[in-house]
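Undergrad: In the working numbering, the protein residues as written are 211 to 844.
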Amino acid sequence: MLGILIRRGEWMTAATLADQLGVTPRSIRSYVTAANARVPGAEAIESGPAGYRATAAASSALRAGAEVETGTPRERLHELVRALLDDGSGVDVHTTADRMHVSSATLEADLGRVRALLNGTELSLARSGSVVRLTGSELAQRRLVSRLAHDEMDEGAFDLEALRRAADAVAIPSDALGAFKSDLVARLGELGYFVNEFAAADVVLHIAIAADRVALGRALEGVHGDPEPVRARLADLVGELTSRHFGVDLGQGDRLHLAALVLTRIVVPGSREEPAIAPDPLILSAVRVAVERAAASYLVDIAHDDFIDRLALHVQNLVHRAREQAWSRNPLTRTLKSAYPMIFDVAVSIASELAVTLAVPIHDDEIAYIAMHVGGRLERSRRAETMLTATIVCPGYYELQELLRSSIDRSLGRAIEVIGVETRVDPDWDLLDSDLVLTTIEPPVRVAGSDRMVRIQPFLSDSDVERVAAAASRVRRSRRLGRLRAELDRWFTPGAFLRGIDLSRGAEGTIRDLGDLLVAQGVIDHGYVESAIERERLSSTAFTDTLAVPHALKMTATRTAIALGVSETPVAWGDARVNVVALVAFSESDRPAFQTVFEQLVEVFGEPDSAQRLVRRGVDLSSFLDELAAVIDG
């Protein structure tokens, strides 16, 4: 709850918080009391008529809650895993239970949790009588330590303090982390590399784990043959810094392994000041095919050689990370998904094809990095958003109108373009057809209520600038949502609306339930439904805290249509909880609809008050569309 309030930074009702957390409003009130108790003499969360809002003390309350209480199941789990990692000969169940002041039965239950933690890893527990030991490679054991540390980090938190907490939670020395990271980034810069700061903290944690394991006598074996010069140079750098900051001398095997992590996770591909590195031809070919197909499917301008070459270098590193199971984390994943849903979906399309062609799994955080490449390319290649036009109404008096226009150009020149200045005291208001009319005189009542009309002073003030900027924002929003408003009746059809979703069905069951409604209308076949489920498995389509938009990656519907499921009780959807599920079926002949649905529908549901209004009042399709239209119209 604290994390949600801190990220949102504005008032939220108990009902909205309860929906997102899957609890009752009464529980929210209890949580608020508990959070405030963490910061004596202050309030972490303030209460008011509009609900709850995080204060400056909220971060302190969040940090206070991150401390692991002695004797809790989580603390015992970490201690038990640490004991198994430290002693290759194993631990005795009864002796360990006595040392941790718990019964043998409790420790057996904790071992069950350890086994669950090892699912999907290369590690397992072997038992002989009362002695249990951890089996598996040293690299797999290090990945387990890293996983436990990451579990201690707040979602999206990659700052030094979060990194230290994560290291402390798994008993990795954390005092030198900050100095090590600063020195590593500085030295890489001196070598001519650009650094991916998002991944730097992660790699520093891996190096700290490696230093700790080497200090315990658990070094990696050396490698045969001579490494390439770049890797060898970085290996020497990592060895030097580890010795200086952690007091541990790494062997060749550890230095080269960590150098590979630096090359594939911290260093931005193609940034070195020497002849460009050519991507692997097979990877380059796979990336080119994936990008060209995504460009054609989504009508986006990304199929350029320079973009494909740079992305291929990134994917080449991604493949190395996948083989090492050393994934890069991305704190912007949630933001990219909610703020740029179409760009994220283009990235999912590219990742989907690459995963099949290159036979590597690509996780959400890795997809987010691909989305950053796509978004960067589109930002460079797209035309600037059409500037709004404005007419100034300022009755002539000496150079007053010229001074006013100059002030507007200086303060708002990037947002609006002045196309005319009306100096008459009685202009023909009906002929003023610009997007905005900035007037120093009171307009007639019949036009005064229009969003286009903005009353300003003859000498432009800061409050005038804010009013004009707000009016421009409203006009742009109206334009963005205009097509969605116009297409409501065509896309949302009777017979494709469910009020109340069966919570036991889960995400895939809900997709099938909504898909059946569109199958019955002949819009899609069951193959489309299965494709939508496959897309959901690649990356959750919960783009906001309220809305999921499942869909297939191929546009094979007979026409574009949307089946809606609405539930006042949030439905678990991936790592999120949503109240509205919009299964979208896209047709080949209506490709531009994709951007409209994604960016505009997600924008509406990204506004918490609007989303809750739609959920509460949309009891059937007719009332839902009425409320949606009202929200769009402001």
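Just so it is clear, CB atoms sit at the ideal spot from N, CA and C, and this is done for glycine as well.
(1) Once the 5 residues before and after A496 are set aside, which same chain residues still bring their CB inside 7 Å of it?
(2) Can you give the beta carbon distance from D850 to N540, rounded, assuming they're within the 8 Å contact cut?
(3) Compare the C-alpha of S644 against each of V603, Y608, P654 and name the closest.
(4) Comparing C-alpha positions only, which one of G213, M211, I216, L231 sits nearest to V788?
(5) Going by beta-carbon coordinates alone, are L354 and L321 separated by less than 9 Å?
(6) According to DSSP, is P235 part of a helix, a strand, or is it coil?
(7) How big is the Cα-Cα spacing for D785 and E813?
(8) Could you please give the first and the last residue of the uninterrupted alpha helix (DSSP H) stretch that includes V303?
(9) Measuring only the C-alpha atoms, how far is V781 from G716?
(10) Of the choices S340, G692, I629, S621, whose alpha-carbon is the least far from that of L670?
(11) State the beta-bridge partners of F702 as determined by DSSP.
(12) Closest by CA to M765, which one among D640, A224, A795?
(13) Look up T567 in the DSSP assignment and say whether it is helix, strand or coil.
(14) On a Cα-Cα basis, can you pick out the residue from D830, A821, R217 that is closest to D229?
(15) Quick one, which of V807, L333, F753, V477 has its alpha-carbon nearest F156's?
(16) Hey, A758 and Y738: beta-carbon distance below 9 Å or not?
(17) Based on Cα-Cα distance, which residue from A307, V301, V312, V324 lies nearest to S338?
(18) Where do the N-terminal and C-terminal ends of the beta strand (DSSP E) with E632 fall, by residue?
(19) Quick test of the definition: if touching needs 3 or more C-beta pairs under 8 Å, does the stretch 604 to 621 touch the stretch 649 to 657?
(20) For F753, which residues in the same chain have their Cβ closer than 7 Å to its Cβ, ignoring the five residues on either side in sequence?
(21) Quick check on this structure: which residue in H514, F408, T756, V458 has the alpha carbon closest to the alpha carbon of V472?
(22) According to the neighbour-count rule (16 or more other Cβ atoms, all chains shown, within 10 Å of its Cβ), is I255 buried or exposed?
(23) If I'm right that M582 touches I626 with Cβ under 8 Å, what's the distance once you round it to whole angstroms?
(24) Would you mind reading off the limits of the beta strand (DSSP E) that contains L335?
(25) Contact defined as beta carbons within less than 8 Å: I believe D661 pairs with V678. What is the distance between those atoms, to the nearest angstrom?
(26) Beta strand (DSSP E) containing A386: first to last residue?
(27) Could you pull out every residue in the same chain whose Cβ sits closer than 7 Å to the Cβ of A681, ignoring the five residues on either side in sequence?
(28) Is A658 near V628, with beta carbons less than 9 Å apart?
(29) Which residues bound the alpha helix (DSSP H) around L691?
(30) Who are the near neighbours of R503 in its chain, counting only those whose CB is closer than 8 Å to its CB and skipping five residues on each side?
(31) Can you tell me the Cβ-Cβ gap for L333 and V342, rounded? I've got them flagged as a contact below 8 Å.
(32) Report the three-state DSSP secondary structure of A758 (helix, strand or coil).
(33) Leaving aside the five residues before and after F808 along the sequence, list all residues of the same chain whose C-beta is less than 6 Å from its C-beta, in chain order.
(34) Going by other Cβ atoms of all chains shown within 10 Å of its Cβ, with 16 needed for buried, is R915 buried or exposed?
(35) Rounded to the nearest angstrom, what separates P283 and E318 at their Cα positions?
(36) Taking only three categories from DSSP, how would you classify V249?
TA: Reading it off the structure:
(1) Position 286 of the sequence shown, counted from the first residue, corresponds to residue 496. L564, T567, L568.
(2) The structure shown does not extend to residue 850, since the chain is modelled only from 211 through 844, so no value can be given for it.
(3) Numbered from 1 along the sequence shown, position 434 holds the residue referred to as residue 644. Nearest of V603, Y608, P654 to S644, Cα basis: V603.
(4) Counting from 1 along the sequence shown, the entry for residue 788 is found at position 578. The option with the nearest alpha carbon to V788 is L231.
(5) The residue given as residue 354 occupies position 144 in the sequence shown. The residue given as residue 321 occupies position 111 in the sequence shown. Cβ distance not < 9 Å, so L354 and L321 don't count as in contact.
(6) As a working mapping, residue 235 is identified with position 25 in the sequence shown. When secondary structure is reduced to three states using DSSP, P235 falls in the helix class.
(7) Here the question's residue 785 lines up with position 575 in the sequence shown. Here the question's residue 813 lines up with position 603 in the sequence shown. Cα to Cα, D785 sits roughly 20 Å from E813.
(8) To locate residue 303, count along the sequence shown from 1; it is residue 93. 303 to 309 is the span of the alpha helix (DSSP H), which, as asked, contains V303.
(9) Counted from its first residue, the sequence shown places residue 781 at position 571. Counted from its first residue, the sequence shown places residue 716 at position 506. Their Cα atoms are separated by approximately 7 Å.
(10) Counted from its first residue, the sequence shown places residue 670 at position 460. Distance check between L670 and each of S340, G692, I629, S621 places S621 closest, using alpha-carbon atoms only.
(11) As a position in the sequence shown, residue 702 is number 492, starting the count at 1. Beta-bridge partners assigned by DSSP to F702: I772.
(12) Here residue 765 corresponds to residue number 555 of the sequence shown, with the count starting at 1. The candidate whose alpha carbon is nearest that of M765 is A795.
(13) For the purposes of this step, residue 567 is taken as the residue at position 357 of the sequence shown. T567 falls in the helix class under three-state DSSP.
(14) Within the sequence shown, numbered from 1, the residue matching residue 229 stands at position 19. Residue A821 is the option with its Cα nearest to D229.
(15) Since the first and last residues shown for the chain are 211 and 844, residue 156 lies out of range.
(16) Numbered from 1 along the sequence shown, position 548 holds the residue referred to as residue 758. Numbered from 1 along the sequence shown, position 528 holds the residue referred to as residue 738. In this structure, Y738 does not lie closer than 9 Å to A758 by Cβ.
(17) As a first step, residue 338 is located in the sequence shown; it is residue number 128 there, counting from the start. For S338, the closest alpha carbon among the candidates A307, V301, V312, V324 is that of V301.
(18) Taking the sequence shown and counting its residues from 1, the one referred to as residue 632 is at position 422. 626 to 632 is the span of the beta strand (DSSP E), which, as asked, contains E632.
(19) Yes: at least three Cβ pairs fall under 8 Å.
(20) Stepping through the sequence shown from its first residue, residue 753 is reached at position 543. Sequence-distant Cβ neighbours of F753 in its own chain, meaning closer than 7 Å and more than five residues away, are K547, S548, P551, V759, V812.
(21) One-based indexing of the sequence shown puts residue 472 at position 262. With distances taken between Cα atoms, V472 lies closest to F408.
(22) Indexing the sequence shown from 1 puts residue 255 at position 45. Counting Cβ neighbours within 10 Å, I255 comes out buried, since at least 16 surround it.
(23) On the sequence shown, residue 582 is found 372 positions in, with the first residue counted as 1. On the sequence shown, residue 626 is found 416 positions in, with the first residue counted as 1. Distance from M582 to I626 at the Cβ level is roughly 30 Å; contact not present, criterion being Cβ atoms closer than 8 Å.
(24) In the sequence shown, residue 335 corresponds to position 125, counting from 1. Run containing L335: 334 to 338, per the beta strand (DSSP E) assignment.
(25) Working through the sequence shown from its first residue, we reach residue 661 at position 451. Working through the sequence shown from its first residue, we reach residue 678 at position 468. The Cβ separation is near 12 Å, so there is no contact.
(26) Position 176 of the sequence shown holds residue 386. DSSP places A386 outside any beta strand (DSSP E), giving it a letter other than H or E.
(27) Translated into positions along the sequence shown, residue 681 becomes position 471. L646, D661, V664, listed in sequence order.
(28) By one-based count along the sequence shown, residue 658 stands at place 448. By one-based count along the sequence shown, residue 628 stands at place 418. No, these two residues do not count as a Cβ contact at 9 Å.
(29) Sequence index remark: in the sequence shown, residue 691 carries index 481 (1-based). Segment: none, L691 is in no alpha helix (DSSP H) and carries neither H nor E.
(30) Counted from its first residue, the sequence shown places residue 503 at position 293. Closer than 8 Å at Cβ, skipping near neighbours: S559, E563.
(31) As a first step, residue 333 must be located in the sequence shown, where it is residue number 123. As a first step, residue 342 must be located in the sequence shown, where it is residue number 132. Contact between L333 and V342 is ruled out by a C-beta separation of about 12 Å, above the 8 Å threshold.
(32) If you number the sequence shown from 1, residue 758 lands on position 548. Three-state result, A758: strand.
(33) Residue numbering aside, residue 808 sits at position 598 when the sequence shown is read from its first letter. So the list reads P551, M552, once near-sequence residues are dropped.
(34) Residue 915 is absent from the structure shown; the chain starts at 211 and stops at 844.
(35) If you number the sequence shown from 1, residue 283 lands on position 73. If you number the sequence shown from 1, residue 318 lands on position 108. About 12 Å.
(36) Start at 1 with the first residue of the sequence shown, and residue 249 comes out as number 39. Here V249 carries a coil assignment [DSSP, helix/strand/coil].
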